[in-house]
Every structure is written in C-alpha cells, then in structure tokens.
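So the sequence shown is numbered by my numbering: it starts at 529 and just counts up by one.
Don't be surprised by glycine CBs; every beta carbon is placed ideally from N, CA and C.
Predicted model only: the values in this text are computed from it and were never measured.
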Amino acid sequence: MDVALSKNGARLLRAFFALVVVFLYAPILILLIFSFNNSEVPSFPLSGFTFHWYHEFLANSELRGALETSGIIAALSSAGAVVLGLLAGMALTRRRFRGKAAVSALLLSPLVIPYVVFGISLLLLFHTIGVPRSVLTVVIGHIVISVPYT
Numbered sequence: 529m530d531v532a533l534s535k536n537g538a539r540l541l542r543a544f545f546a547l548v549v550v551f552l553y554a555p556i557l558i559l560l561i562f563s564f565n566n567s568e569v570p571s572f573p574l575s576g577f578t579f580h581w582y583h584e585f586l587a588n589s590e591l592r593g594a595l596e597t598s599g600i601i602a603a604l605s606s607a608g609a610v611v612l613g614l615l616a617g618m619a620l621t622r623r624r625f626r627g628k629a630a631v632s633a634l635l636l637s638p639l640v641i642p643y644v645v646f647g648i649s650l651l652l653l654f655h656t657i658g659v660p661r662s663v664l665t666v667v668i669g670h671i672v673i674s675v676p677y678t
C-alpha cells in the first residue's frame, strides 16, 4: 500500500527531523564553543576567546599519546572489520556450505550482546589463554564488534 504524506505531514516530519538533529548536535556545538572560552568553568557569558585549552592539550604528552593510540586502534580495527566483513559477506552469499546459518548467527551475535559483557568476556578469554593486554587485543575486540556492521 502506497501512502503519500500530505504537505502538512511532510512539513511536520521535516520539522521533527530538524528537532532531532538539533537535540543530538547542540551539546557538541556548545562544548565546542566553550572550548574557546577563557574561563575554566563553562558559563555564559563567555569571558573571552582563546586557544589556551588546545595548547594545554597539545602540551600534555599523555593525552597526545592516548590520541595517537586511539587513532591507531581506529584505523586498524576499521580496516580489519571491512576486510573480514567483506570476505564473510562474499562467502555467505556466493558459497553453499554446511553450517552457513551457524556462521551467519556467530557473525551477527555481537549485535545482541551488550558491549560491556562482550568486553569482559574477551578480557577473560585473553587472560585464560595467556594473551597479555595490548593494543592488539583492543583491536581484535573492536573488529569483532564492528564486523556485523560491515
């Protein structure tokens, strides 16, 4: 059944969509504005424009290292998830094999498991098999969580 929206319904839908977008992005925009404020406490009116907090961030080697590690994890996990997701998708759509439904369910299982439970399970698994905590284990966890979305 084809249901066309009336002009008023379409306007209402667009207004609702705009309201949702504003609701989602307004806090980020406000945070960005406060990041250029002179004051240590976010408050209106703004006390002046400054790059002080960005200089503080760049001067802190621990934060720079954390940002670098996050970038490495993001790049590696994204690339790994795309490659594994592509290969799994091709195998599941182009090949016939025994256990295809089980493989599909296994690949989609991270969608229904809460991420905290999944992370603790991976931590326990790595500990049990003797794999030390490292960037590699974090990347593996991110890949496993991301594969169903690729």
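Residue state for Asn536 is assigned as helix, using DSSP reduced to three classes. For the alpha helix (DSSP H) assignment, the uninterrupted runs of no fewer than 4 residues enclosed by the segment 642–671 are, from N- to C-terminal side, 643–656. Within a 10 Å sphere around the beta-carbon of Ala619 sit fewer than 16 other beta-carbons, which makes this residue exposed.
Here Gly537 is exposed. Its C-beta has fewer than 16 other C-beta atoms within 10 Å.
Rounded to the nearest whole angstrom, the CA to CA distance from Trp581 to Ile558 is 15 Å. In this model, Phe654 and Ser598 are separated by some 20 Å (Cα to Cα). Proximity of the segment 587–604 to the segment 655–673 meets the contact definition, three or more beta-carbon pairs being nearer than 8 Å. Asn565 has Phe577 as its beta-bridge partners, per DSSP. For Glu584, the closest alpha carbon among the candidates Asn566, Pro573, Ser571 is that of Asn566.
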